[in-house]
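Some notes on the structure that comes next.
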Amino acid sequence: MAAGHKNASLEPFRDAAQSLKLYRRAELRSDAGDELIEKLYVDPLPNNHVLETMLRPHTTFLIGRKGTGKSTVFQRAQFELRKKHNVATCYVDIKSVYESSRVDAEALASTTKYDGVLSGPAIERLWLNRDFFLAIIASIREEIEKKIKGSSVWSRLIERSAYASIKELFAELDDLLSDAKDAQFESVVGAVAQARKASNSTTSSSMAEVGTAVGARALGAEASLDARVSSEFGTADFHEVEQTEVLLRVFDLRKMIKQLRSLLTECGVSSLYVFLDDFSELPEPAMRVVVDALLAPLNNWSDELIKFKIAAYPGRIYFGAIDPTKVDEINLDLYSLYGAADLVAMEDKAVDFTRRLVLRRLDYFGAADLGQYVDSVNDDFWRQLFHASMANPRTLGYLLYFGYEEALIYGRRIGAGTIRDVARKYFEDKIQASFDMNRFLSESFKERSSIFSLKDLLEEIVDKARALRRSDASVFRDLGSRAPTSHFHVDTQMEGLLSSLELNFFVTKYYIMSDRDGRKVAVYALNYGLCQQQNIEFGRPAGTREKRYRQYYVERVFDYTPLMSSYLRHHQEIVCPSCDTRHDLDMLAALKTFGMMCPTCKGGPCQVVNLSKKYENALRDVEESSLLPQVELGILHSLATESSPLTASDVAGELDCSYQLVGKRVKNLDERGLVNRDQYEGGKRVYVTTPLAEAIYFGGSGAADGPSLPAVIPAVGGPNKSVQTKDEDWDF
Numbered sequence: 112m113a114a115g116h117k118n119a120s121l122e123p124f125r126d127a128a129q130s131l132k133l134y135r136r137a138e139l140r141s142d143a144g145d146e147l148i149e150k151l152y153v154d155p156l157p158n159n160h161v162l163e164t165m166l167r168p169h170t171t172f173l174i175g176r177k178g179t180g181k182s183t184v185f186q187r188a189q190f191e192l193r194k195k196h197n198v199a200t201c202y203v204d205i206k207s208v209y210e211s212s213r214v215d216a217e218a219l220a221s222t223t224k225y226d227g228v229l230s231g232p233a234i235e236r237l238w239l240n241r242d243f244f245l246a247i248i249a250s251i252r253e254e255i256e257k258k259i260k261g262s263s264v265w266s267r268l269i270e271r272s273a274y275a276s277i278k279e280l281f282a283e284l285d286d287l288l289s290d291a292k293d294a295q296f297e298s299v300v301g302a303v304a305q306a307r308k309a310s311n312s313t314t315s316s317s318m319a320e321v322g323t324a325v326g327a328r329a330l331g332a333e334a335s336l337d338a339r340v341s342s343e344f345g346t347a348d349f350h351e352v353e354q355t356e357v358l359l360r361v362f363d364l365r366k367m368i369k370q371l372r373s374l375l376t377e378c379g380v381s382s383l384y385v386f387l388d389d390f391s392e393l394p395e396p397a398m399r400v401v402v403d404a405l406l407a408p409l410n411n412w413s414d415e416l417i418k419f420k421i422a423a424y425p426g427r428i429y430f431g432a433i434d435p436t437k438v439d440e441i442n443l444d445l446y447s448l449y450g451a452a453d454l455v456a457m458e459d460k461a462v463d464f465t466r467r468l469v470l471r472r473l474d475y476f477g478a479a480d481l482g483q484y485v486d487s488v489n490d491d492f493w494r495q496l497f498h499a500s501m502a503n504p505r506t507l508g509y510l511l512y513f514g515y516e517e518a519l520i521y522g523r524r525i526g527a528g529t530i531r532d533v534a535r536k537y538f539e540d541k542i543q544a545s546f547d548m549n550r551f552l553s554e555s556f557k558e559r560s561s562i563f564s565l566k567d568l569l570e571e572i573v574d575k576a577r578a579l580r581r582s583d584a585s586v587f588r589d590l591g592s593r594a595p596t597s598h599f600h601v602d603t604q605m606e607g608l609l610s611s612l613e614l615n616f617f618v619t620k621y622y623i624m625s626d627r628d629g630r631k632v633a634v635y636a637l638n639y640g641l642c643q644q645q646n647i648e649f650g651r652p653a654g655t656r657e658k659r660y661r662q663y664y665v666e667r668v669f670d671y672t673p674l675m676s677s678y679l680r681h682h683q684e685i686v687c688p689s690c691d692t693r694h695d696l697d698m699l700a701a702l703k704t705f706g707m708m709c710p711t712c713k714g715g716p717c718q719v720v721n722l723s724k725k726y727e728n729a730l731r732d733v734e735e736s737s738l739l740p741q742v743e744l745g746i747l748h749s750l751a752t753e754s755s756p757l758t759a760s761d762v763a764g765e766l767d768c769s770y771q772l773v774g775k776r777v778k779n780l781d782e783r784g785l786v787n788r789d790q791y792e793g794g795k796r797v798y799v800t801t802p803l804a805e806a807i808y809f810g811g812s813g814a815a816d817g818p819s820l821p822a823v824i825p826a827v828g829g830p831n832k833s834v835q836t837k838d839e840d841w842d843f
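When the letters of the sequence shown are read in order and numbered with my numbering, they come out as residues 112 to 843.
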């Protein structure tokens, strides 16, 4: 590309990359507001198999990491379903609904009705779950009303029905919601509170009797004590079940389903598809209550009326009373989509999806001639782009956008070196930096230490990958260049230990194979950008001897199972919260047999704790006043790693949440002096971080006064602030 190339011709490429980078529902619209989903959608599988599965009249869990296109699949499915007059659909951003249902602190403090019976946290959870529940049902109601108002067919049906207007049509359902919100809620909670008070009195009496019997060493008393201890293990579960029962009594779901069915029947609708996005973003207790008190009853009692489509993260799914054998599951991550045949076929399918996705997007925005922007559009280019993105649409968008910033605007085409550079930039700016922000997470020290223990594990994995480059193992001897050491394998029983690293894109599950000893192992790939940062060759040997190396990833030198076992021994411990006794990890199996009861104090339950000894001091140095919730940390990170101010919609696109939630949380950050929201561009409010935020969270000029991390962790910065490293220096 000539240096004098007109910038105007770059706009189609930039717009295509931007639309992928913010791979979220609101972005797939034209400037005029028209939906583009039908023109832009690319199914990960042939014959639109993912879409066709989503359209089946079954409850479906759509599983995948961030950026895999779950929201886009939802939008495409809704677009298709809206064409059917006998089907209604609604979309609920469940994370945003949850955040908007937070209990007002002043209202909670003024509540004395249940003092001495229900604790403050118990009342807060109950109120939160009530408001959350109401918000979900209200969202469904609003979506149905929009459908009716926007459909001339439905409007004519209403005119011929027994209802005089849409308002009258919804009146009975509104009455049900109103009752649940006010009198019925207070009545049921009061009854539960009194029941608990009576139960507590009985329990206290029983405990006194048990204590006397234990003092006399009575065998029966010891059995009673064991029963008491076992019941205490389930305290958290008991409270969740109790709240579920309260909500089920408050919200007469069977009556509500009957009313909803009657309402939809009047409009000629036989099926309601409810799309729940960001389900795994809920805290686990809220997730359990939502499933047990709402999703499972509506799914199981509605007699085929309601079908849920639920977007979730791998390993963050709770089914409750929903029968997993009667729901569809679609996993959008690499191995689950393409790993059924052999390794080479998996890679070819993923490369093909990468190609189809990019070309479709470029073609729509008018950049179909990719040769204008890329040095060599060949198989090697597409394979490298797949390696750098692992076929994740959002990652692809960032790589292309960074390529636009790093090469195209300077009159250079994107080449192999550009992709390596932007992959490293994406890793450092978006993945590594975001993870490092967790030191400021508003959680206990134990929780933050547990998160940073994953950093320890990753460092050990990367250290070994770097060390293998100098290995004299026979598999490396015939290689004419530095050996690729980006992939490793572990016993499949160890996969759970890597799940959080995978969820955060440090590693990706690549394949399941049999190793040289015939043992089933899971093959993982380190992040491509991380490999560029640490000078690790990616992939396996290619060229004329490629077939010889099809089993390369399961060579014995890449068996990291011993490393994982060593990590467990050194970074995990079993702690009794009752007596603070530490138990050897070898006792875990025995403790599980007895419900994690502590053998020292007979209390518990004992907990497995991950601790980061390496970063303990750095975590303790963080001022408590600097700790923030995850959403607010994400907002600061998004603003700090972009070269220009962002709108609420821009930030929401990166964080997978609603712009309303971003606006609400930015107000909090503004009040703390961390974000400036007094600027406007094109009539829209935009946000930037303040010098105070830069100093505390991003190693700015005033960082000496705020918390800091050891030198091994690079300071988080904006674009082009990546840390340069020597080949032998670990700087992660």
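Just so you know, even glycine gets a beta-carbon here, dropped at the ideal spot from N, CA and C.
So for Glu146, helix, strand or coil by DSSP?
For Glu146, the three-state secondary structure derived from DSSP is strand.
Residue range of the beta strand (DSSP E) that includes Asp204:
In the DSSP assignment, Asp204 falls within the beta strand (DSSP E) that extends over Val198 to Asp204.
For Leu510 versus Ala499, is the C-beta spacing smaller than 8 Å?
Yes.
For Val488, the three-state DSSP class (helix, strand or coil)
Looking at Val488 - three-state DSSP - the assignment turns out to be coil, as it is neither helix nor strand.
Complete alpha helix (DSSP H) runs within the stretch 588-676 (minimum length 4 residues, chain order)
For the alpha helix (DSSP H) assignment, the uninterrupted runs of no fewer than 4 residues enclosed by the stretch 588-676 are, from N- to C-terminal side, 606-614 and 639-644.
Check whether the stretch 794-807 touches the stretch 768-786, counting contact only when three or more Cβ pairs, one atom from each stretch, lie closer than 8 Å.
Taking 8 Å as the limit for Cβ pairs, the verdict is that the stretch 768-786 does touch the stretch 794-807.
Less than 8 Å between the beta carbons of Ser553 and Leu738, yes or no?
Cβ distance < 8 Å, so Ser553 and Leu738 count as in contact.
Less than 8 Å between the beta carbons of Thr179 and Leu443, yes or no?
Closer than 8 Å, so yes.
Nonlocal neighbours in the same chain, by C-beta distance under 8 Å from Leu162, ignoring five residues either side:
Around Leu162, the same chain offers Tyr152, Asp154, Val184, Arg187, Ala188 and Glu191 as residues with beta carbons nearer than 8 Å, after the five sequence neighbours per side are excluded.
Looking at the secondary structure, which residues open and close the beta strand (DSSP E) in which Lys795 lies?
Bounds of the beta strand (DSSP E) holding Lys795 are Lys795 to Thr800.
Could you name each continuous beta strand (DSSP E) segment of 3 residues or more that falls completely within the stretch 750-789, going from the start of the chain to the end?
With a minimum length of 3 residues, no continuous beta strand (DSSP E) run stays inside the stretch 750-789.
Can you look up Asp439 in the DSSP assignment and give me helix, strand or coil?
In the structure shown, Asp439 falls within a strand segment according to DSSP collapsed to helix, strand and coil.
Rounded to a whole number of angstroms, what is the C-alpha to C-alpha distance between Arg466 and Val198?
Cα to Cα, Arg466 sits roughly 34 Å from Val198.
Report, in whole angstroms, the separation of the C-beta atoms of Lys206 and Glu392, which I expect to be a contact under 8 Å.
Lys206 to Glu392, Cβ: 4 Å. Contact.
Span of the alpha helix (DSSP H) holding Glu122?
Per DSSP, the continuous alpha helix (DSSP H) segment holding Glu122 begins and ends at Glu122 to Lys132.
Is it buried or exposed, Cys642, if we count other Cβ atoms within 10 angstroms and call 16 or more buried?
Counting other Cβ atoms within 10 Å of its Cβ, Cys642 reaches 16 or more and is therefore classed as buried.
Looking at C-alpha atoms only, which residue of Phe599, Lys557 and Lys132 is the closest neighbour of Arg505?
With distances taken between CA atoms, Arg505 lies nearest to Lys132 out of Phe599, Lys557 and Lys132.
Is the Cβ-Cβ distance between Ile251 and Cys201 less than 8 Å?
Yes, Cβ-Cβ distance for Ile251 and Cys201 is below 8 Å.
According to the neighbour-count rule (16 or more other Cβ atoms, all chains shown, within 10 Å of its Cβ), is Gly477 buried or exposed?
In summary, Gly477 is exposed, with fewer than 16 beta-carbon neighbours lying within 10 Å of its beta-carbon over all protein chains present.
Which of the three DSSP states, helix, strand or coil, is assigned to Ser182?
Three-state result, Ser182: helix.
With a CB to CB cut of under 7 Å and the five nearest residues on each side skipped, what residues in its chain are close to Phe419?
Cβ neighbours of Phe419 beyond the five flanking positions: Thr170, Val385, Leu387, Leu406 and Asn410.
Rounding to the nearest angstrom, what Cα-Cα distance links Ala114 and Asp474 in this structure?
Legend: pLDDT at Ala114 = 41, less than 50; position of this residue unreliable, value from coordinates given subsequently. Those two C-alpha atoms are separated by around 24 Å.
Taking the alpha helix (DSSP H) that Ala701 belongs to, which residues open and close that run?
Ala701: member of the alpha helix (DSSP H) spanning Leu699 to Thr704, first to last residue.
Supposed close pair Ile746, Val762 - CB separation, criterion 8 Å
So it is a contact: roughly 6 Å between Cβ atoms.
What residue does the alpha helix (DSSP H) around Ser582 start on, and which one ends it?
Per DSSP, Ser582 belongs to no alpha helix (DSSP H) and is neither H nor E.
Alpha-carbon spacing of Leu637 relative to Arg581, whole angstroms:
Here the alpha carbon of Leu637 sits roughly 18 Å from the alpha carbon of Arg581.
CB Ala432 to CB Ala461, shorter than 8 Å?
No; because the gap between Cβ atoms is not below 8 Å, this pair is not in contact.
If contacts are defined as beta-carbon pairs under 8 Å, then Val668 and Ala584 qualify, I think. What distance do you get, rounded to the angstrom?
Rounded to the nearest angstrom, the Cβ distance from Val668 to Ala584 is 5 Å, consistent with a contact under 8 Å.
Pick helix, strand or coil for Ala329, following the three-state DSSP scheme.
With a pLDDT of 30 at Ala329, under the threshold of 50, the modelled position of this residue cannot be trusted, and the question is left open.
Can you name the residues that DSSP bridges to Phe390?
Beta-bridge pairing links Phe390 to no other residue.
From Val719, Arg193 and Glu558, residue whose alpha carbon lies closest to that of Glu727:
Minimum Cα distance to Glu727 is reached at Glu558.
Alpha carbon to alpha carbon, how far is Arg693 from Arg193? Give it in angstroms, no decimals.
Rounded to whole angstroms, Arg193 to Arg693 spans 58 Å at the Cα level.
Straight-line Cα distance separating Gly607 from Pro425:
Their Cα atoms are separated by approximately 11 Å.
Through-space distance from Pro756 to Asp532, alpha-carbon basis:
If you draw a straight line from the Cα of Asp532 to the Cα of Pro756, it is about 24 Å long.
What distance in whole Å lies between the Cβ atoms of Ala804 and Arg550, which are believed to be in contact at a cut-off of 8 Å?
In fact, because the Cβ distance is near 15 Å, the residues do not count as touching under 8 Å.
How close, in whole Å, do the beta carbons of Val485 and Arg524 come, if the pair is a contact with beta carbons under 8 Å?
The Cβ separation is near 6 Å, so the contact holds.
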